[in-house]
Structures are given as C-alpha cells and as structure tokens.
Ligand SMILES: Nc1ncnc2c1ncn2[C@@H]1O[C@H](COP(=O)(O)OP(=O)(O)OP(=O)(O)O)[C@@H](O)[C@H]1O
Ligand SMILES: [Mg+2]
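This is the structure:
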C-alpha cells in the first residue's frame, strides 16, 4: 500500500488535531519537570503547519515535510521548535521529490528525523528526551522491514515501540533540557517530549490503519 | 488565575504594543516576527548587541534595549525561547556594519534557536558571534545536566558589554569581554511562591505557605531543594555562601569560531571568589516580593561580603530579571576590575535602566 501526498497532508492535519487534544496533557507533564509550555508550544507549531499546508498541496511529500519543519522552526521556539523543526526538515530531505511512499520510505523518514534531533540537541539514549521514544521506533521499523512487513504493520510496531520508549522515560534521570536541573527530582515523571513524539508516530500508524 | 491581562494568548503582543507607545524615544517594535530595537538603529559602525529569550522576565530583555545597552531584543512567548527568524530579522534591522553579538542565556531552547539564527545570519553575510551566559550556582555540575542556567549575570553583561560597544570595541573584543563578565559572575535564586504562566492558567508548582524553594531559575520551575521557610537573614546567608564558597566551575560550551567558520567546543573555567576581590552586588526581585524586602536582603549580603573580605564597589537592587509574579529573590556577585567599573558607570538609557544621561 503506497502512501500518497494526500495521505501525508491528512496525516499532518490529524497530528495537529491530536496535539491540540493533548495540549493540556503535554503541558501538565512539562509542569512536573519543565516549565509548563510543551503542549502550548507544540499546539502553536502545528496550527502554523495547518496554515502552510494549502500552499504545498500539489507538491511532493518531501517538500510538504520540509515546509512543515520550517513552520515549526519559525513558530514554536523553546527546545521543541528547533528539535522537531530539524526533524521534519531532515525527514523531508530524505524523501525529496517523492509523490508516493513505500514502507522503506517510512524508515528513511523516521531515521532522518532522529538524526536531525540528535544533531541539534546532542542527546544520548536514556537522557530522558524525545530521543528515547523515537530511537526504539526506528530500530523496530528497520527490523520489521527486514522481515518483509508492510506499511501498516511497520507503523503499528513503531507506535508500540515509541509508546514503550515513552513509558521507559519515567524512571530515568534527565540529563538534557530543563528537566536536567531537577536532578533526582526528575525521576518518576514521563518526559513531555517523548510523549509528543509517541503521539506523532502513533498518528502515522492510525493514518495507515484507516487507509487500509 | 488573576492577572491584568486581556486574552492569555495576547499578553506578549499587547505588552510590546504598550512599550512602543510609551517609549518611542527609546525603542521601536517590529511585529511578525517580533523584536524590540533601538529607536535610532542601526547605529553606523557600532557592533550591534542582540539578546532574547522567553517573556516573563521583564524588564529583561526588551526593557534593556537602548543607548549603552542592547540594540535588539527578541521576546518569545512567556518562558519559551523565541524563534530563529526573530533573531535573524532583528540582526538585519540593527546591524550597523560592524557585526552582531548574540548574548544567549544557557537554556536548551535559547541555545538551539540562537545557533540556528547565527547560521542563518552568517549565510546572509552578517558577521555574528555568540556568547553564552551560564552563571547559576544552583546547578552543580555540567556533565549530568544542560549546564548552569543563565540568570542575573545576563543583566550585568548586557549593561557592561553594551557600554563597551558604545565606546567602539570591535566584535571580537566584545565577545571576549562578554565571556569575561560571564566567568566572573555567579548567581543563586530562591522562591517563596510559584508563578502562573498566562497560557497555562495555574501555578507551575504548589508551594505550601510554610515552605520555600532554594536554587530556582527564572521560569517558575522547582529548584534544587525545598525546605521550611526561613528568615531573610538565613535565606541571604544560604544564597550568598553558595556563591562565595562555590569552587572553580569548569564546563564545555559551543561558540562560533570565525576563522574556522563553524561551531567549536570551548572549555571555560570560572575562578572562585577570594578575599580582597571587588564585587558588584546585585539583589534581584523575582517580580512579586514587596520592594521593602530587598534592602533587608542587601543589608545582610553586605555584612556577609565584609566578613568574607569581598568589597562591594557597586550595587544594583530591584526587579531586573523576573519570573512573572513569583515572590523571591536572587543574588548575583560579579568580580569587578577597572575596565568593568568604567563600563558599568557609563551612561545608559533604556526602559529598565537609566543613568548618566
Ligand atoms: N537536547 C535535547 N535533545 C532532545 N530532546 C530534548 C533536548 N532537550 C530537551 N528535549 C526535549 O524537549 C522537551 C521540552 O520541550 P519544550 O517545548 O517544553 O521546550 P523547553 O525546554 O521548555 O524550551 P524553553 O526553555 O525555551 O521554553 C523535553 O521534554 C525533551 O523531550
Ligand atoms: Mg518546556
């Protein structure tokens, strides 16, 4: 099952809905170990993406993702703006020119997104950041592709892995971002960025499920 | 939530509109992207100083724009770093041909957004250097955290480096001066209450009547330690000693290397204070403490400095780097020398700080 640019556009719109619905939840998570703005930041960013989508409706999937990334960079601020902005821009670059995406392209997208986040934020695994949700998703996609899995299966496994990665941040001691200032007090809370990453990856899986 | 605001999402925009109307002789405001800039910008031949960060710390940074201080300030949403396009557009507006220095507080968001902005400005042919302020002794190590936060020393650095820019220091010399101020300044803050981000609508954390947070930053975040409420003298002693007795602090930061044209890791070490040092003592109101309380803090700080052999040669008391309506204070000590003293005393005309004019 190939993913079309219409699917990509719909997926971004759905991501905006999901982030909007979870705005308070993400902000609450961020008030426990951060500065109570993550949901607000992400919502502002995805609303900015919605405004940009009409201008790229007839463009390739790479351009759509790059445009989304630029909208995030110029509207979110905070740590999440450059991190997700770079992730989307790098993901767009990885599928530049394509109008249809296959399962392998999903790996290219998420792998490039992860590399972008690491390049910008220099976080390691287990630092209690979004890297802890995205990394297991990328790993599991790579494995699933090796086993010949299709789009839906690949994305469902990725979402499950991201969810586990997100939950695994709870016992972690934060070493990056604002939460790191709390030292031991950051333990026992789920990382807001890892949570938004899971929500976004899960939305991709839902998009594929519905399409099938 | 009880605040003198209209809609929470309009707070920053309407604040900027008000500033532009109230102080047209000092600042102008550009919207979309948002930045505050000197009314007489660009000043030809002068290095332009730009800072920025989340809103909610007023008068920093917009209120520190003007003669002898910043040329531009980029306000983000409350407690959220601004975006690279604000910093880029501000640079284009204020640079007078001698380059731009970004003064960046060490928070992950600010650092990453300013890095992107510096790269963008350089690719448009503007000379840029960028210096971090990381002076918060509440953060003990840099290996396991994002490093010390930028707090009170930022205000002092903007004043001193701003005066030097006015005097004609070139970009490289200004960057060196800013780094020197940063490694010689240290701060420590505390909170009696939390504060409410307008968009969040409720306090960031709960703090019972009889407790306080020691080692807070400026974003209503919990600090290093919660303890039962103490007297002003005891609080002052805790803050002052954690600054004065702080050992040398070493960390690696990223700075732009002009020759290599890329970001490089630089290791910096803050020397500890020692008896005989001359210092500037800065007692900062977090925003919500009554003005009557700050001299009480200063009085004890003066006594402690004397006992420790530190001579206070200048002081600054008041709300300069606030955390919305949070009750509490921070103390900053900056080791002074003749160069810094002369620059500190130089004229300044901003919304939040004005003398010598
Ligand atoms: N260096 C990093 N690498 C990867 N992710 C990071 C890093 N630092 C922070 N994060 C992620 O960013 C999330 C916080 O994003 P948020 O939008 O709240 O920004 P912020 O830290 O509050 O920025 P600001 O301080 O400017 O407001 C964290 O939960 C974490 O997952
Ligand atoms: Mg946050």
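Residue numbers (this note's numbering), protein chains in the order written: chain D, 135 to 346; chain Y, -3 to 353. Every residue gets a Cβ at the ideal spot worked out from N, C-alpha and C, and that includes glycine. Fair warning: this is a prediction, and the values are worked out from it, not measured in the lab.
* To do: Examine the Cβ distances between the segment 129 to 146 of chain Y and the segment 200 to 219 of chain Y and report whether three or more of them are shorter than 8 Å.
  => yes
* Within chain D, partners of residue 140 of chain Y - CB distance below 8 Å -> 307, 309, 314 and 317
* To do: Taking residue 15 of chain Y as the reference, give the member of Y:80, Y:69, Y:243 and Y:138 with the closest Cα.
  => Y:69
* N- and C-terminal bounds of the alpha helix (DSSP H) containing residue 223 of chain D -> 214 to 228
* Asked: Mind pulling the beta strand (DSSP E) runs of 3 or more residues that sit fully within the segment 241 to 275 of chain Y?
  -> 245 to 253 and 258 to 266
* Looking at the structure shown, is residue 294 of chain D part of a helix, part of a strand, or coil, going by DSSP? -> helix
* Starting from the beta carbon of residue 161 of chain D, find every residue of chain Y whose beta carbon is closer than 7 Å, and list them in chain order. => 196
* To do: Whole angstroms is fine: what's the gap from residue 191 of chain Y's alpha carbon to residue 313 of chain Y's?
  => 21 Å
* Asked: Where does residue 197 of chain D sit, in a helix, a strand or coil, going by DSSP?
  -> helix
* Taking a Cβ distance cut-off of 8 Å, strictly less, list which residues of the segment 133 to 160 of chain Y are near chain D, in chain order. => 134, 135, 140, 141, 142 and 145
* Could you give the C-beta distance for residue 125 of chain Y and residue 171 of chain Y, rounded to a whole number, given that I count them as a contact under 8 Å? -> 4 Å
* Consider the Cβ of residue 26 of chain Y: report whether some Cβ of chain D lies at a distance smaller than 7 Å. => no
* Local conformation of residue 100 of chain Y per DSSP, three classes -> strand
* Asked: If we count the other Cβ atoms within 10 Å of its Cβ and call it buried at 16 or more, is residue 357 of chain Y buried or exposed?
  -> Given a span of -3 to 353 for chain Y in the structure shown, any question on residue 357 of chain Y remains unanswerable.
* 8 Å CB neighbourhood of residue 158 of chain D in its chain, flanking five on each side removed -> 173
* Asked: By the 10 Å Cβ neighbour count, where 16 or more other Cβ atoms means buried, how is residue 41 of chain Y classified, buried or exposed?
  -> exposed
* **residue 177 of chain D CB to nearest heavy atom of ligand 2 below 6 Å** => no
* Asked: Under a three-way DSSP split, which group does residue 130 of chain Y fall into?
  -> coil
* Taking Cβ positions only, does residue 77 of chain Y come closer than 7 Å to chain D? -> yes
* With 7 Å set as the bound, which would you pick, yes or no: does the beta-carbon of residue 326 of chain D sit closer than that to a beta-carbon of chain Y? -> no
* Asked: Within 6 Å: the Cβ of residue 276 of chain D and any heavy atom of ligand 1?
  -> no
* **Min CB distance residue 147 of chain D to chain Y below 7 Å** => no
* the segment 216 to 228 of chain Y: positions lying closer than 8 Å to chain D by Cβ -> 216, 217, 218 and 220
* To do: Using a Cβ cut-off of 8 Å, pull out every chain B residue sitting near residue 170 of chain D, in sequence order please.
  => Among the chains of the structure shown, chain B does not appear; the protein chains present are D and Y.
* Asked: Short check: CB of residue 43 of chain Y to CB of residue 95 of chain Y, under 7 Å?
  -> yes
* Close Cβ partners of residue 225 of chain Y (< 7 Å) along its chain, the five nearest in sequence each way excluded -> 206, 207 and 208
* To do: With a floor of 4 residues, list each alpha helix (DSSP H) that falls wholly inside the segment 46 to 101 of chain Y, ordered by position along the chain.
  => 80 to 90
* Could you please go through the chain and list the residues whose beta-carbon is closer than 5 Å to any non-hydrogen atom of ligand 2? => D:164, D:168, D:169, D:171 and D:172
* Would you call the segment 203 to 222 of chain D and the segment 72 to 79 of chain Y in contact, with 3 or more CB pairs under 8 Å? -> yes
* Supposed close pair residue 178 of chain D, residue 210 of chain D - CB separation, criterion 8 Å -> 6 Å
* By a C-beta neighbour count over all protein chains shown, 10 Å radius and 16 as the cutoff for buried, is residue 311 of chain Y buried or exposed? -> exposed
* Measuring alpha carbon to alpha carbon, tell me which of D:291, D:139 and D:266 ends up nearest residue 187 of chain D. => D:139
* Asked: Does the beta carbon of residue 2 of chain Y come closer than 7 Å to any beta carbon on chain D?
  -> no
* To do: Examine ligand 1 and report whether any of its heavy atoms sits within less than 6 Å of the Cβ of residue 77 of chain Y.
  => yes
* Simplified DSSP assignment, three categories, for residue 305 of chain D -> coil
* Confirm the yes/no value for this check: CB of residue 303 of chain D, any heavy atom of ligand 1, distance under 6 Å. => no
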